[in-house]
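Residue numbers (UniProt numbering): 1 to 489.
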């Protein structure tokens, strides 16, 4: 082939290669533009979606805050109407695309107050609710309080209801909402709640129902049903001296308040508790007696009360062991033995004494653990739970700082009465349990050591001042007759 022809062919090949390169570059640029547009589109979509959600959430929050403020303002007006006579009030709600609902159904919310038998009613009435749905949350007025309900069923209190218990007096001014309607506001309108009230009625004390002080041996039992029952329970537990029990199935809060000094009695094998013992007084125990019956006359026996172990591997700390025994009665066995042993970490305090008991003649041993004549002797290192007054059990000045024993007044060989020992250590245990649990509890004591006594016949009796003693009860009922209307804004 000639050189000229070879050059033509090579030029042709070069042009073909260049053409392919140019075609490939053009396709790549086109795909890049398409991918870039796609990414931009996706980005804009995400930004718009998240932005719209943020805007929606912000709008919902703003609406909720506005409704909450409206309810707070309305609460003061409704309360004024509640405690006045035939007064007319208007409570406007400036809402946007929201609905106000009034529900006075007993099935929706009510309060029942029973006496001790759990059957006879002192009061039974619906509370009623004024509510507004804002997004997935609900805000409502009920019995003088403002509440918020969340979609998971949880609820919180915005402002408290008219419910107060200070450990002595229960004040329950029930506010009944009467009405059953719903009204929506949109655009340039707002919902107005119009209220007329009846004269407040006294429910308790009242002739034929009961008087004050509440008779001893009674219990006032309350049952509160509400969609906001969790918040009701939180309020009662945190802000009053009562303890609420929750029934989730029925959306109900139950409270039991005992009157007078509660009495525990029965077989010694049942154990006892110092739950809700009033540690604000220096001598809370009023009665504590044991009647221990032997299985066979003349036999020795032992019974020990103590705090049950949290599990098999742990020892209760602190613990109080109270023992009455016929096995250590002295050389001639004509004595019974009483011992109090307090254990807290490395600290051990021990009091003991022997009392006369003719085992051949006496079929049972009666012990008054508040006896002022029987003295008990202290054993061990200087105590750390006692104060500096030898004449009393001085519970109210119990030392909490166990590293400092400067103020101890009890050392080896000192004596205290059985009365003072019982008052002191039951108080100490209740006080420490209260501090550890942040509630007004006291430990439960069970029989942890026993031998040869008749468990089916031996009995005990215990009473003490309780922090949940209800002495006075006041229940009133006020009715708010409500209706809704729209108003231009």
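Even for Gly, the Cβ is constructed at its ideal location relative to N, Cα and C.
Review point. Are three or more beta carbon pairs between the segment 134 to 145 and the segment 208 to 220 nearer than 8 Å?
Key: no
Exercise for review: To the nearest angstrom, report how far apart residue 126 and residue 113 are at their CA atoms.
Suggested key: 12 Å
Review point. Can you give the Cα-Cα distance for residue 474 and residue 467, rounded to whole angstroms?
Key: 19 Å
Exercise for review: Could you tell me which residues DSSP puts in a beta bridge with residue 236?
Suggested key: For residue 236, which the question treats as bridged, DSSP gives no partner whatsoever.
**Study point:** Straight-line gap, residue 72 to residue 372 (C-alpha atoms, nearest Å)
**Key:** 58 Å
Point to revise | Beta bridge counterpart(s) of residue 70 as assigned by DSSP | key: For residue 70, which the question treats as bridged, DSSP gives no partner whatsoever.
Exercise for review: Go ahead and label residue 422 buried or exposed: buried means 16 or more other beta carbons lie within 10 angstroms of its beta carbon, across all protein chains shown.
Suggested key: buried
Practice item. Tell me whether residue 295 sits in a helix, a strand or coil according to DSSP, three-state version. Key: coil
Exercise for review: State the Cα-Cα distance for the pair residue 122 and residue 245, rounded to the nearest angstrom.
Suggested key: 20 Å
Point to revise | Option in 196, 285 and 171 with minimal Cα separation from residue 370 | key: 285
Check your understanding: Is it buried or exposed for residue 489, if we count other Cβ within 10 angstroms and need 16 for buried?
Key -> exposed
Exercise for review: Could you give the DSSP three-state label for residue 147: helix, strand or coil?
Suggested key: strand
Point to revise | Bridge-paired residues (DSSP) for residue 288 | key: 462
Point to revise | Coil, strand or helix - residue 157 by DSSP | key: strand
Check your understanding: When DSSP builds the beta bridges, which residues end up paired with residue 272?
Key -> 445
Practice item. Just tell me which of 349, 345, 353 and 344 has its CA closest to the CA of residue 492. Key: This structure cannot speak to residue 492, because the chain is shown only from 1 to 489.
Point to revise | Rounded distance between the beta-carbons of residue 303 and residue 292, thought under 8 Å | key: 6 Å
Review point. Are the Cβ atoms of residue 111 and residue 180 separated by less than 9 Å?
Key: no
Exercise for review: Can you grab the Cα-Cα spacing for the pair residue 70 / residue 156, in whole Å?
Suggested key: 17 Å
Check your understanding: So what's residue 425 in DSSP terms, helix, strand or just coil?
Key -> helix
**Study point:** When 229, 238 and 260 are compared against residue 251, the one with the closest alpha-carbon
**Key:** 229
**Study point:** 6 Å Cβ shell around residue 448 - same chain, five flanking residues per side excluded
**Key:** 304 and 306
Check your understanding: Quick one: is residue 378 buried, meaning 16 or more other Cβ sit within 10 Å of its Cβ, or exposed?
Key -> buried
Point to revise | N- and C-terminal bounds of the beta strand (DSSP E) containing residue 266 | key: 263 to 267
Point to revise | Nearest-angstrom Cα separation, counted from residue 375 out to residue 347 | key: 22 Å
Point to revise | Best match in 193, 326 and 349 for proximity to residue 358 [C-alpha to C-alpha] | key: 326
Check your understanding: What residues in its chain sit with their C-beta under 6 Å from that of residue 198, if we drop five residues either side in the sequence?
Key -> 479
Point to revise | Alpha-carbon spacing of residue 105 relative to residue 481, whole angstroms | key: 14 Å
Exercise for review: Note the first and the last residue of the continuous beta strand (DSSP E) segment covering residue 190.
Suggested key: 189 to 197
**Study point:** Close beta carbons around residue 368, own chain, < 7 Å, minus the five adjacent residues each side
**Key:** 289
Review point. Quick one: Cα of residue 201 to Cα of residue 128, how far?
Key: 17 Å
Check your understanding: Exposed or buried, residue 120, counting other C-beta atoms within 10 Å across all chains shown (16 or more means buried)?
Key -> exposed
Practice item. Taking only the alpha-carbon atoms, compute the straight-line gap between residue 254 and residue 143 and give it to the nearest angstrom. Key: 16 Å
Review point. Between residue 90 and residue 195, is the Cβ-Cβ spacing less than 9 Å?
Key: yes
Exercise for review: Please determine, among 190, 77, 236 and 283, the residue with the shortest C-alpha to C-alpha distance to residue 419.
Suggested key: 283
**Study point:** Contact under 9 Å by Cβ, residue 461 with residue 279
**Key:** no
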